[in-house]
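Engineer: Under the working numbering, the letters of the sequence shown match residues 321 to 398, in that order.
The beta carbon of each residue, even a glycine, is placed where N, CA and C say it ideally should be.
Submitted below is the structure of interest, expressed as structure tokens.
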Amino acid sequence: MSEPAEAVEEKWDARVKGILKSELKRRGVTYAQLAEKLATVGVTENERNIRNKIGRGSFTAVFFVQCMAAIGATQIRI
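In structure tokens:
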């Protein structure tokens, strides 16, 4: 029997959250620094909002790509 759609979605959310957190950690970027870096690419987010979004793990693909671009990531491992 397959998993409920909600459980599957939660697993994918957790996976993407883990990718973003590991890329931030690998580069030594704090949430405050990420807010500053996002501002340089035209995205206005404060540290608290970033912490909440990443903590929940439910953010858009656009936010994910903005973060990756802001920290200089050009490749990710899935």
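#1: Using alpha carbons as the reference points, say which of Q353, K337 and Q395 lies closest to F383.
#2: Kindly indicate the opening and closing residues of the alpha helix (DSSP H) around E329.
#3: CA-CA distance, G392 and K341?
#4: To the nearest whole angstrom, what separates the beta carbons of A389 and V349, a pair I think is in contact under 8 Å?
#5: Indicate the three-state DSSP secondary structure (helix, strand or coil) for N372 in the structure shown.
#6: Return the first residue and the last residue of the alpha helix (DSSP H) that V385 is part of.
Structural biologist: So, from the data block:
#1: On the sequence shown, residue 383 is found 63 positions in, with the first residue counted as 1. Checking every option, the nearest Cα to that of F383 belongs to K337.
#2: Walking along the sequence shown from the start, residue 329 turns up at place 9. Residues A325 to R347.
#3: Along the sequence shown, read from residue 1 onward, the residue named residue 392 stands at position 72. Along the sequence shown, read from residue 1 onward, the residue named residue 341 stands at position 21. Each residue's Cα considered, the two are about 14 Å apart.
#4: On the sequence shown, position 69 is the one that residue 389 refers to. On the sequence shown, position 29 is the one that residue 349 refers to. Not a contact, Cβ separation roughly 13 Å.
#5: The count along the sequence shown starts at 1 and reaches residue 372 at position 52. It is helical.
#6: Here residue 385 is taken as the residue at index 65 of the sequence shown, counted from 1. Residues A381 to A390.
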